[in-house]
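To start, the structure itself, in C-alpha cells.
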Amino acid sequence: MERLGDEDAHCDINVPDTFLLLDSTDRMFERSLNGYNRLLSDHTYLNKDTDEEFLCYGYKADRCKEGLFLALVVLTGGLILLLLQWRPQMVCYLRKRRCSLNHADTLLLQDTYKQYSLAFIEDKTFPQSKDILPSSVTTGESDDDSPTDTSQLTISHEEIKFRYFDHQHVRYIWNRGSQMFSKLKDLSEGTKCVKIQESYHGLSVREQKQKQVVYGENTIEVEVKSYWRLFIEEVMNPFYVFQIASIILWLCDNYYYYAACILFISLVSVGISLYETKRQSVTLHDMVTTHAQTIGVCRGEEEYEDIPTGELVPGDVITIPQHGCVMTCDAVLITGTCIVNESMLTGESVPVTKTPLTHQEDEEMYSPDLHKRHTLFSGTQILQTRFYGNSKVKAVVVRTGFRTAKGELVRAILFPKPLDFKFYRDAMKFILFLGCMAALGMTYSIIIYVRQGVYPLKIVVRVLDIITIIVPPALPAAMTVGTVFAQSRLKKKGIYCISPPRINFCGRLDVFCFDKTGTLTEDGLDMLGVLPIKNQGFCGVVEDPSMLEVGPFITCMATCHSLTIIDGELSGDPLDLIMFNSTKWVLEEPGKDTSKFDTIMPTVVRPCTKDTFTSDVNPFEVGIIRQFTFSSSVQRMSVITRTLSQDGMELFCKGAPEKIASLCRPESVPQEFQDILHRYTIQGYRVIAVAHKKLDPKLTWHQAQRVSRDKVEFDMTFLGMMVLQNKLKMQTKPAIHKLKEAKIRTVMVTGDMIQTAISVARNCGMIPVKDRVIIIEASPPDAHHPASIKWVTAETPDEGTDHYTDSDYMEDVHIDLENPHKTQNFHFAVSGHSFGVLTTHFPEYIPRVVVKGTVFARMSPDQKLQLIEDLQNIGYNVGMCGDGANDCEALKAAHAGISLSEAEASVAAPFTSRIPNIECVLQVMREGRAALVTSFGCFKYMALYSFIQYVSVLILYTFDANLADMQFLYVDLVITTSVAVLMGYSGAYHKLVPKQPPGSLVKPSNLLSIIAQILLVIIFQISAFLYLYYQPWYKPVKKNLDADNTYCWETTVIFLVSTYQYIASAFVFSKGPPFRQPIYINVPFLLTLCTLFAFSTYLLMLPYKPILDFFTVMPLGTTTVEFRSVLLAFSVGFIFAACILEYLIMDVKCTEKCLSSCSHCCGKGDEQNDQYRKIQNEIELSNWPPVGQVTYAALNEPHVEIEEELMRSHGAILVN
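The sequence shown runs 1 to 1216 under the numbering used here.
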C-alpha cells in the first residue's frame, strides 16, 4: 500500500509536469510555425490601422525576365519605358519575380488609395555597440506582442548588419525575429519618463556615429530638382506624350504650320509649369531648412563638445545656449526652463514656458503630445533659458529629421492625400467615352477609305488623326483655366493657395467648421471686472482691479502667470497679460540684487505706488519661487511665492472655476457660487477663479522646487473670480448670416468651455434665437453603471431674467398637432469628453450627432480631426477655418482648410488668408463656385468643340476631303484657345446663393445638354452640305489617292459653317449668375466672340481673295449672294437654336426636376452624398432625441440586469 501510494504520488507529480511539457512544446511548435509562415510570406501590412497603412510585396531580380524585358524595349522602340514611368508596379511585374520578404531586394507598396510605389532594400553593417538596435533585428529572438524598440540592443557579435528601406522619408528596418519590416522607432515611443531622466547622460562619439548610420542625418531637406530633371519628368506626363505623338502625326500629314504652332505653345506651357514648380520647391526648401549651426552635447561626466546639429541622434544630451537658438530636433527638458516661440507649430507668437520633466511623471510613458510642456519641438525658437547657479539647461533628444513634429508637417505637404473629387473622376469617364467615339469614327473612316481604294499608309494617318480630333490635347489645360484665374484673384485679395485643385472643392462645400478664439472672436480679452469675496460672499463687480487693497486676491493676479520680459517688453499668454496689466503692478526679471531672497533668483512683482520707490522701509515685493504651468488636463496653474519681510511661502492658484472650487475648503466657497458662475458663462463671458493657501513655514526653497503640485494644491481658500470678455469680430456675424442664407451649415469646434461656446454660437447667429440647444452629457462606464448619455436642454440667456427655464422656453415653441414630437429646430452641443465616450461606447449615434451638432467644445486636436472625418464619412463636403496648432490636422483633413495664420504651420493648410477674419471664407467659396462652373463650362465647350470638328472631318472623309492646314490652325488656336482661356476670366458672383453648382459631369442634365448640342451640330452641318449638294453649279470633288483634297467646295462650306458653331458653343456654355459675373462684365471674352463672329461673316459675305487663299477657301465671290446669305442664315439659326436649347429648355426648373426624378428612378443617385440627408429626414420624422432622459449602453454585466427595470421606470433608454 505504501508502494502504491508512492506510485500514486509519483503520478500526481509527473502527470501535470508532462502536460506542462506538452503544452510548452505545442506553444513552441506553434510559434515556430508562425515564424516559418512569416519567413515564407511574400507580403505584409505595414502601419496597420493607421492613415499610412500600406500593403508591402516582396520582389527580387529575375534574369529571365530581365532578358525578355530588354527584348520588349527593343521591339517597342523604348515606348514600354513610358509604361514603367506611369505604372511603377509594372517594374516588378515585367522585370522581377515575387519572393518572400526575407529574400526581397525590391518592395512594391500599395497604399489605401490603391496607388503604387517602389522601395529598394539596402543593407548596412557597422561595428557592434550597445543601445543601437533591438536585439530582434539581428538575432532570432522576438516578442511578437511588443513593437520594435530601436533604442535598445546588447549584442555579442562583432558586427551589426541590418536591412532597411526608406519610404516618404520614413525608415523601416527588418526585424529578423518577427520576419517583417517595422517602422524605425525612437525615444518618443515606449520610453518611460524616469528612464529619460536617469538613463541618459550623453553618448560617446562611437555610439553617436553608429546611431547616425541607423537614424540618418538630423536634417529636413526638401529636394530642389534641376530644370532638366523637371523638364524630363514633365515631358513624361501622358498629356505631353500625347502632344508629342500628335505633333509627329501632323508632320507626317504635312500640317507643318499647325504642328509648329502647337509645339511652340506646348514649350511655352512647359516652361511656365517648370518655373512655377521650381519656385514653389525653392520656397518650401528655404522655409523648412535651418541654417547650419553647432550645439553642445554631453559626452559623459560634465564633458561637453560642440558638434553640427545634423549629427544629433536620439539619446544625445544637448545643452541649450543662453542666448537661444532654433531647435533642429525634438528634445525633452531634464534641467532648467526655456521660453519658446512656437509660432511655427501653433501659428501664435505667444511665448511658451517649457519646464523639465518631474519625478511625479516617472512611471508615465513619454509622449510628445502628453508632455508637450516639457518638450522643445523642432523649428521652434528658444528665446531665453533659465537656470540656477552654474547648472546648464539640458535636454534629451527624442526625435530627429523627418520624425520630428516639424518633419511630419513637411511630409504632409510633400505627400498629401490624393484628392477624390467627383468632377475629376467624371472627367476621366468622359474622356473614355470620347475614346469610344474615336473608335467608332476610326472604324467608319477605315471602311470609307478601303472602299475608295486609298493607300494603307494614308488610311493609318487619317485614322490616327481621328484620335487627336475627338480627344483634344488641350483638354486638361482648358479645365484648369478657371482654377488659375480664381487663384490669381484670391491672391490679390490676400488669400494664398498652395493646392489649386482644392479651389474646385470650395464650390461644393456643405458645411463649414470654425475655431472660436482668434477666428470668430478677437485674439485678446477684455477685463470686465473681478468678483472678490468678503464676509463669505461676493461683494459685487470691481471693474478696475488696481483699486483693490493689497491682499491675496490682487497678489494672485500679479503672480499667478507665466509672463516674461523679452527685449524689454512683457510677453506671454494674452489672458495673463490682461490679468497682470489690470493690476498696474511692476514685474522685474532676475537681477543682481537677489541676496534678500537667499540664493534663488526669482521673478519679482510689486505694486506701482509712490511708497514702493521712495519709502525707506522694505517695500511690498513678492518673489515667484516656483511655477506649476497650466495644463488642460488639470485645468489650472499655480505658483509658490514668498513675500519680502514675511515668513513662509504661499501658494496662489487660478483656473477653471469648478476645478478650483473643488480644491478649496468648502466653507470658503460662497453658496451663490454656482448661480453667479452660471449667470456669466451663459452670457459668453470667460470666468477664471483664484485661490490662495499659506504653506508650511518649514518648507525650504529646495523642497519647494521638488514638491509635486498635488501635495500643495488642496485645502485652499477661495478668493473670488475674474470675468473676462472675448468679443466677436465685427465681421463674424454678417459672414455667418451670409453662409446661413446660402444654406451652408456652420459648426463651431473649439477648446473653450461649452457654455461659453454656446453663447458665442448664439451671438454670431450659428444658433438662431428660437432654436433649442441640447447638451449631450456622456459618461463612461464604471464599476456600477454602464456608459450613459444625458440629453439636457441648455438654458437661454434673457435680458430681463437671470434664468430661463424649460417651461418659459416652451411657451414660444410651435407644436405640430399631426406630429407632436416635432418642435422647433434643435442643435447639439457636445464636449470633447462626451464626444470621446460617444465614439467608444455609442458609435451608432455619431452620424446623428454630427448631423445635428453645432457646438463642439473642449475638443482636442485629434478630436477635431475625427469630427472632420466623421462629417466626410456621411457625405459632407467640409471646410475648416482656424488659426492655431490645434487646428492644423483638421485643416489638412478638410476638403478646404483655411488658416488665418501667416506662420509656417499655416503652410499645412491649402489656403492661407491675410484677411484676419472669416470673410475670407466667403471669398474662397465664391471663387470656388466660379472656378467649378468655369471648369464645367470649359469641359463642355472642349467636348463640343471636339464633336464639331469630329462631325466635320467625318463628313469630309466621306467625300475624300479634309480641312486645310490653316483652317485647322484658325479653329484650334485662334478660336478655341482664345475662347477657352478668356472663358475663365469671368469673376465670381458678388453673393453666395442657396443653389449649389453641379458636382458631376455625368449628371443627366449635363449629358443631355451636350448630346442635344451635338445633334444640333449634325443637323445644321448636314443641312448646309445638302444645300451645297443641290446647287446647280456644284460638282463633287475628284478623288486623289496621293494627297488630301482640301481645296474644294465641301471643305469650304463645312469650314465656314462650323466656325459659327464654335463661337456659339462658347457663348452658351459661358454662363453668368448665380455663380459667375454676367457675360457682359467679361469684356475681353465678349469682344473676342464679337470679333470672331464679325471675321467669319466678313469671310463669308465679303470674300477677299488673298484671305481666301490664305485659308484655302474656294472663291466665294463667284457664287450668288443668295447662296452666301443662306449659309449665314444656317449659321445664325444654329446660334439661336443653341441658345434656346441651353437657356430656355435645359436651365428651366421643370426640366431639372424631371431629369432628377429620372435619375433617382434609375437608381443612379449618389448614395454616399445622400446619406446625411437621409439621417436628417429620419431625425425630423422621429421623436429623437429623448430630451430629459438617460440613454444607457448595452447591459451585458449580470449585476446591471437587476437594475434594468428600475432604469426603465425612471425614463431611461437602453441601447442594445
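We put the beta carbon where it would ideally sit given N, CA and C, even for glycine. These figures come from a predicted structure and were not determined experimentally.
Backbone secondary structure at residue i - three-state DSSP
| i | result |
| --- | --- |
| Met287 | helix |
| Met527 | strand |
| Gly937 | helix |
| Thr106 | strand |
| Cys1090 | helix |
| Glu305 | strand |
| Ala1137 | helix |
| His323 | coil |
| Tyr449 | helix |
| Asn763 | helix |
| Ser1065 | helix |
| Gly407 | helix |
| Trp1184 | coil |
| Gln384 | strand |
Distance, residue j Cα to residue i Cα
| i | j | result |
| --- | --- | --- |
| Gln1176 | Ala757 | 24 angstroms |
| Ile1022 | Gln1031 | 14 angstroms |
| Gly1218 | Arg848 | This structure gives no information on residue 1218, because the portion of the chain shown stretches from 1 to 1216. |
| Gln949 | Ile466 | 10 angstroms |
| Thr717 | Leu651 | 10 angstroms |
| Met637 | Gln627 | 8 angstroms |
| Tyr970 | Ala245 | 21 angstroms |
| Pro368 | Arg679 | 38 angstroms |
| Thr839 | Val268 | 53 angstroms |
| Leu490 | Ile789 | 45 angstroms |
| Arg926 | Gly518 | 23 angstroms |
| Gly296 | Val398 | 16 angstroms |
| Leu520 | Phe512 | 13 angstroms |
| Thr1120 | Leu1144 | 36 angstroms |
| Leu118 | Gly190 | 30 angstroms |
| Thr977 | Ile265 | 10 angstroms |
| Cys56 | Phe120 | 12 angstroms |
| Arg386 | Gly379 | 20 angstroms |
Residue j beta carbon less than 7 angstroms from that of residue i
| i | j | result |
| --- | --- | --- |
| Ala405 | Val332 | no |
| Pro607 | Leu719 | no |
| Ile624 | Pro602 | yes |
| Leu932 | Gly507 | yes |
| Ser986 | Arg1076 | yes |
| Ala829 | Ile754 | yes |
| Gly832 | Val760 | no |
| Thr335 | Ser391 | yes |
Member of the options whose CA lies at the smallest distance from the CA of residue i
| i | options | result |
| --- | --- | --- |
| Tyr258 | Asp972, Ala1094 and Gln197 | Asp972 |
| Gly897 | Gly875, Pro916, Asn873 and Ile868 | Ile868 |
| Arg706 | Phe1136, Cys881, Glu361 and Phe714 | Glu361 |
| Leu525 | Val837, Lys516, Phe842 and Met287 | Lys516 |
| Thr358 | Arg1173, Gln197 and Leu68 | Gln197 |
| Gln85 | Pro238, Lys114 and Leu1056 | Pro238 |
| Lys711 | Lys995, Leu699 and Glu795 | Leu699 |
| Thr1255 | Pro1185, Val484 and Arg163 | There is simply no residue 1255 to check, as the chain begins at 1 and stops at 1216 in what is shown. |
| Ile382 | Thr337, Leu70 and Cys64 | Thr337 |
Distance cut-off 6 angstroms: residue i Cβ against heavy atoms of the ligand COA
| i | result |
| --- | --- |
| Ala1129 | The ligand COA is not part of this structure, which contains no ligands at all. |
6 angstroms CB neighbourhood of residue i in its chain, flanking five on each side removed
| i | result |
| --- | --- |
| Ser633 | none |
Cβ shell of residue i (< 8 angstroms), same chain only, five flanking positions each side left out
| i | result |
| --- | --- |
| Leu1128 | Thr1097, Leu1100 and Met1101 |
| Ile446 | Ile459 and Val463 |
| Tyr1034 | Leu1028 and Trp1049 |
Contacts around residue i, its chain only, beta-carbon distance under 7 angstroms, and the 5 residues preceding and following it disregarded
| i | result |
| --- | --- |
| Arg411 | Gln168, His169 and Phe402 |
| Ser631 | Arg373 |
| Asn726 | Thr517, Thr521, Glu522, Leu525 and Arg686 |
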